[in-house]
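For reference, the structure is listed below as C-alpha cells.
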Amino acid sequence: MIKKIAYFNGCVAQQSAKENNMATRAICRKIGIELVDLPFHCCGGGLIHQVDQKTFQELNKYNLNLLLNEKLDVLTICSICNYSLKLAINSENLKMIKVISLEEAIILEFGLDRLEKFIKKRFDNLKIAPFYGCRSLRPKEFNPFNDSLNPYFLKDFISFLGGDPIDYSHSKKCCGFPDLYVNKKIAIKMANDIIYDASNNGSELIVTPCPLCQMMLDIYQNKKAKIPILHFSQMLGIALGIPYKELGLDMNITSTKYLRRKFYE
Amino acid sequence: MEIKYISKNLFFSCLQCAQCTSICPISKLNQNFNPRKIVLKYLSETLDLIDIEIAWLCVDCKLCTEVCPKKIPIDEIMANLKLKLYNKQVGSGFKHTKLFIENIKKYGILNEKKLVFKLLNYDFIKDLPIYIKVYFKKKLYWR
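Chains A and B, in that order, give the protein sequences. Take 2 as the starting number for the first sequence in this note's numbering and just add one per residue. Take 120 as the starting number for the second sequence in this note's numbering and just add one per residue.
Below, the structure is given as C-alpha cells:
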C-alpha cells in the first residue's frame, strides 16, 4: 500500500486543468496518501521525444534524478506524463523507480475493498461513458494491467461506484488533441464524434483519466451536446463526499450544475 | 539527432492487410492519410517530401501498431517521418512543435498562455468565445 509518494502533476494540471490537481489533492488527503511536491520539469509532452531526443533526455534526467535523490515512487495524473516517464526510465535503465497513474494507484495499489468504506455517495442509475484515452491503454508494454483493444478498468470502476457504464466503440479512440494545432477541423471532428457516439448510447456523463482528453472534449464539444466531462479524480471525489468547490467542479467548461443538484443539494 | 533504425526487411513482412488503415481515426476523416500506403512507401524507400508532409496529422494513438498482425512499428515509422519533417522545417505541425520546444526550454514547464498566444492566427476571432470562457474559468493563468 502507498503511504508517501512523489507527485508529478504535470504542466496541464497546473494551468488549464487545475481542477484535476485540486481534486487529486483532496482525494489523497481523504484516503491518507501523502503527496510530496518536487520541482519537476515538463516530461516532454509526448511530442519532444519524437523530434528532439536530446532535450527529452535532459528534461527527464533532471526529473528522474529528483526522484532518485528522494528515493520515492512517482504518482502521475496525466497519461502523457506517465508515458514519457516510463519511456525515459526504459532508456536510462532505472527500473527501481515505479511510475503509477492515479487510477492504478487507487484501483490496484490502494484496493477497491479498502476504498469501499470511504464511499459516501453512489452514482445510482447514472449512465456514465468511460473514455480511456490513448496513453492509458497503449503501448501495451507500458500498461500491462489494461487490455489495449478491449479496455475494462474504467468500466469496472464505474460499476463499483454504482453507475451504469456504457459500451460504445469510441471509448478507446483518440480525442484529437495532438492535431489541435496541426489541423483544427479534424481535431474538433474527432472530439465531437466521441461525444456524439456517447450521447447516442444514452450517456449523461463522460469520465476520463487524461487531463488532455478532458480539456479537448470539454472545451471543443458542440454547444448542443452539453455532456459534462469529468476527470477520474473528480468522479472519485464526488463519491468520497468531497465538497463541490474543492473538486473544482465549477471550473469545468461544460456546466456540471445537474451533478450539483443531484449530489450536493 | 539520430533517426531510429527500422529494418527494411519488415517490407517483406507487411501483408498489406490494411488493418492499420481501417482502424486509423485520421484516415476516416482525411482520405489522403493512409497508413498502409505510407508504410509500403517508407519500407520501399519511395517516399518523397510532399508525400510525408501528411505525417504531421498522425496523432500517435498507436492503434495501428496494436492491430498489426506482423507487429510492424508503424508508430515509430510515423515518428521518423515527423523527425524528418522537423529537421527540414516544413509542414503544418512544424510551427507548433518548434514553439512548444522553445517554450519548455525557456520556462522548464509548459507555459500554456504564452504558447497559445504565439499560435494565434487569423481564425482566432472564430474561437474568441472559447478563449473568453477559458479565461474566466481561470484556466489560462501562468502560475
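Glycine residues also receive a C-beta, built at the ideal position from the N, C-alpha and C atoms. Being a predicted model, the structure only gives us computed values, none of them experimental.
Handout entry: Separation of A:Gln215 from A:Cys1, as counted between CA atoms
Key = Past the boundaries of the shown model lies residue 1 of chain A; chain A is included only from 2 to 266, so the question cannot be answered.
Handout entry: Distance, A:Leu241 Cα to A:Arg115 Cα
Key = 13 Å
Handout entry: With 16 other Cβ atoms within 10 Å as the buried cut-off, status of A:Tyr265
Key = exposed
Handout entry: C-beta contact flag for A:Ile228 and A:Thr255 at 9 Å
Key = yes
Practice task
Find out if the Cβ-Cβ distance for the pair A:Ile34, A:Phe111 is shorter than 9 Å.
Solution key: A contact, by the Cβ cut-off of 9 Å.
Practice task
Please compile the residues from chain E whose C-beta is within a distance smaller than 9 Å of the C-beta of B:Glu185.
Solution key: This model lacks chain E altogether, as its protein chains are A and B.
Practice task
Name the two residues that bound the continuous alpha helix (DSSP H) containing B:Ser146.
Solution key: Pro144 to Leu148
Problem - Bridge-paired residues (DSSP) for A:Ala130 - result: A:Ile207
Problem - Assigned exposure category for A:Tyr153 - 16 Cβ within 10 Å defines buried - result: exposed
Problem - Three or more C-beta pairs below 8 Å linking the stretch 46–55 of chain A and the stretch 205–223 of chain B - result: yes
Problem - At least three beta-carbon pairs within less than 8 Å, the stretch 123–135 of chain A to the stretch 146–164 of chain A - result: yes
Practice task
Kindly give me the distance between the Cβ atoms of A:Ser137 and A:Ser102, rounded to whole angstroms, as I take these residues to be in contact under 8 Å.
Solution key: 7 Å
Practice task
Rank A:Ile167, A:Ala192 and A:Tyr63 by C-alpha distance to the C-alpha of A:Leu269 and give the top, closest one.
Solution key: No answer is possible for residue 269 of chain A: it lies beyond the span of chain A, which begins at 2 and ends at 266.
Exercise for the section: Go ahead and label A:Tyr8 buried or exposed: buried means 16 or more other beta carbons lie within 10 angstroms of its beta carbon, across all protein chains shown. Expected result: buried
Practice task
Give the secondary structure of A:Asp267 by DSSP, where H, G and I count as helix, E and B as strand, and everything else as coil.
Solution key: Because chain A in this structure spans residues 2 to 266, residue 267 of chain A falls outside the shown range and cannot be described.
Handout entry: Contact set for A:Lys122: own chain, Cβ-Cβ below 7 Å, skip 5 residues either direction
Key = Ile239, Ala240, Gly242 and Phe264
Handout entry: First through last residue of the beta strand (DSSP E) which encompasses A:Thr77
Key = Val75 to Thr77
Exercise for the section: May I have the straight-line CA-CA distance separating B:Val112 from B:Leu200, to the nearest angstrom? Expected result: Given a span of 120 to 262 for chain B in the structure shown, any question on residue 112 of chain B remains unanswerable.
Problem - Cβ-based contacts, 8 Å cut-off: residues of the stretch 144–158 of chain B near chain A - result: Pro144, Ile145, Leu148 and Asn149
Practice task
Work out the CA separation of B:Asn151 and A:Ala226 for me, nearest whole Å.
Solution key: 30 Å
Practice task
Over the uninterrupted alpha helix (DSSP H) stretch that includes B:Phe213, give me the two end residues.
Solution key: Phe213 to Tyr226
Problem - Proximity winner among A:Pro40, A:Ser170, A:Asp180 and A:Ser80, relative to A:Asn144 (alpha-carbon distances) - result: When the alpha-carbon of A:Asn144 is set against those of A:Pro40, A:Ser170, A:Asp180 and A:Ser80, the nearest one is in A:Ser80.
Handout entry: Straight-line Cα distance separating B:Ile228 from B:Leu221
Key = Going by the sequence as given, residue 221 of chain B is Glu instead of Leu. Cα to Cα, B:Glu221 sits roughly 11 Å from B:Ile228.
Handout entry: Cβ shell of B:Ala137 (< 6 Å), same chain only, five flanking positions each side left out
Key = Arg155
Handout entry: At least 3 beta-carbon pairs within less than 8 Å: the stretch 89–101 of chain A vs the stretch 166–186 of chain A
Key = The stretch 89–101 of chain A makes no contact with the stretch 166–186 of chain A: fewer than 3 CB pairs, one atom from each, lie closer than 8 Å.
Problem - Segment limits, beta strand (DSSP E) that includes A:Ala7 - result: Lys5 to Phe9
Problem - Cα-Cα separation between A:Lys5 and B:Phe255, rounded to whole angstroms - result: 35 Å
Problem - Three-way DSSP call (helix, strand, coil) for B:Ile191 in this model - result: coil
Exercise for the section: Output, in chain order, the set of chain A residues within a Cβ distance shorter than 7 Å of B:Ile249. Expected result: Ile220
Exercise for the section: State buried or exposed for A:Glu105, treating a residue as buried only when at least 16 other CB atoms are found within 10 Å of its CB. Expected result: buried
Problem - Any chain A beta carbon closer than 9 Å to B:Lys201 - result: yes
Practice task
Under 8 Å Cβ to Cβ from A:Val37, same chain only, skipping five residues before and after it: list those, please.
Solution key: Within the same chain, A:Val37 has close Cβ partners Lys5, Ile6, Ala7, Tyr8, Glu71 and Leu73.
Practice task
For B:Cys136, decide whether its Cβ has a neighbour in chain A, counting only Cβ atoms nearer than 9 Å.
Solution key: no
Exercise for the section: With 9 Å as the threshold, decide whether the Cβ of A:Ala18 is near any Cβ in chain B. Expected result: At a cut-off of 9 Å, the C-beta of A:Ala18 has a neighbouring C-beta in chain B.
Problem - Identified DSSP bridge partners for A:Val100 - result: A:Val75
Handout entry: C-beta neighbour in chain B for A:Gln15, strict 9 Å
Key = At least one CB atom of chain B sits nearer than 9 Å to the CB of A:Gln15.
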